[in-house]
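Numbering (the numbering used here), first residue to last: 65 to 318.
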């Protein structure tokens, strides 16, 4: 469906719709509800979360310090993430964002983007990691491929620090860390990092995919993919802790 066709269906101007869907215009809760009704997704339970978020479009206070440098689509992702009560996050080549240690971030961020402001990147991620929606508990469920934990870095101590950080996280009551061991079956669905967000009193989940272009919402339900990795590929939490301890104690390759 083109923007012109969608605008006719929604009863709005096409240029306004373009600005809304690219993040340059923030619709009111009433406008969001009308859009969902016209798109025939108003019955979705997660629609209530999206409509509620429209009443506070700027997200958490700490996000405002980064607003000018973030793409609107990235801002929208972070606002939704900040409301989630459960975050399932899967990483294959790198450690998932919400489980990264500061030294790891400072090491890899400029290698991915030489022009990045490392201090700003860490400040943003640190706030994301410490954020709790409404002061409530937030559960973090991490699955990471062993390949991300054995990546050869120019500063091997950075990876040791990251491994210790994961081990520390795994001891928290609100965090689960699982590792997919080397040698586990690799298949297409396991090739890409993604997140699943859950919200209070809502059974629907929102899926996010990570790529070189950034993090984006996807309409694809990745719950089955998560379950397949969790149940068929990843080690149990205690086995994962044992693997982390072994990797910490192994001498880094020269």
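Don't be surprised by glycine CBs; every beta carbon is placed ideally from N, CA and C. In this text the structure is predicted, and so the values were computed from the model without any measurement.
Check, Outcome
"Assign residue 177 to one of two classes, buried (16 or more other C-beta atoms within 10 Å of its C-beta) or exposed (fewer than that).", "exposed"
"Which whole runs of the beta strand (DSSP E) in the segment 206-246 are 3 residues long or more, in chain order?", "239-244"
"Check for me: the alpha helix (DSSP H) holding residue 168 runs from which residue to which?", "166-176"
"Going by alpha carbons, who is nearest to residue 265 out of 241, 184 and 147?", "147"
"Could you name the residues of the same chain whose beta carbon sits closer than 6 Å to that of residue 203, not counting the 5 residues immediately before and after it, in chain order?", "150 and 238"
"Beta-carbon separation of residue 206 and residue 167 under 8 Å?", "no"
"Do you know offhand how far residue 142's Cα is from residue 226's?", "23 Å"
"Since I believe residue 144 is in contact with residue 260 (beta carbons under 8 Å), could you give me their beta-carbon distance rounded to a whole number of angstroms?", "No, residue 260 and residue 144 are not in contact; Cβ-Cβ is about 12 Å, not under 8 Å."
"Where does residue 200 sit, in a helix, a strand or coil, going by DSSP?", "coil"
"Which parts of the segment 246-271 are runs of the beta strand (DSSP E), unbroken and 3 residues or longer, counting only runs that do not cross its ends?", "258-263"
"How far does the alpha helix (DSSP H) with residue 182 in it reach, from first residue to last?", "182-194"
"How would you label residue 284, buried or exposed, when you count the other beta carbons within 10 angstroms and need 16 or more for buried?", "exposed"
"Assuming the contact rule is C-beta atoms closer than 8 Å, residue 154 and residue 250 should be a hit. Round their C-beta distance to whole Å, please.", "Wrong, their Cβ atoms sit about 13 Å apart, outside the cutoff."
"Relative to the C-alpha of residue 158, which residue among 310, 132 and 243 is closest?", "243"
"Measuring straight from C-alpha to C-alpha, what distance separates residue 224 and residue 231?", "11 Å"
"What are the start and end residues of the alpha helix (DSSP H) that includes residue 296?", "287-296"
"Rounded to the nearest angstrom, how far is the Cβ of residue 246 from that of residue 297, given a contact under 8 Å?", "11 Å between Cβ atoms; not a contact."
"Does the Cβ of residue 233 lie closer than 7 Å to at least one heavy atom of the ligand PLP?", "By its list of ligands, the structure shown contains no ligand whatsoever, and the ligand PLP lies outside what it can speak to."
"Would you tell me roughly how many angstroms separate the C-alpha atoms of residue 220 and residue 311, rounded to the nearest one?", "12 Å"
"Just to confirm before moving on: does the CB-CB distance between residue 163 and residue 277 stay below 8 Å?", "no"
"Taking residue 267 as the reference, give the member of 137, 252, 131 and 287 with the closest Cα.", "287"
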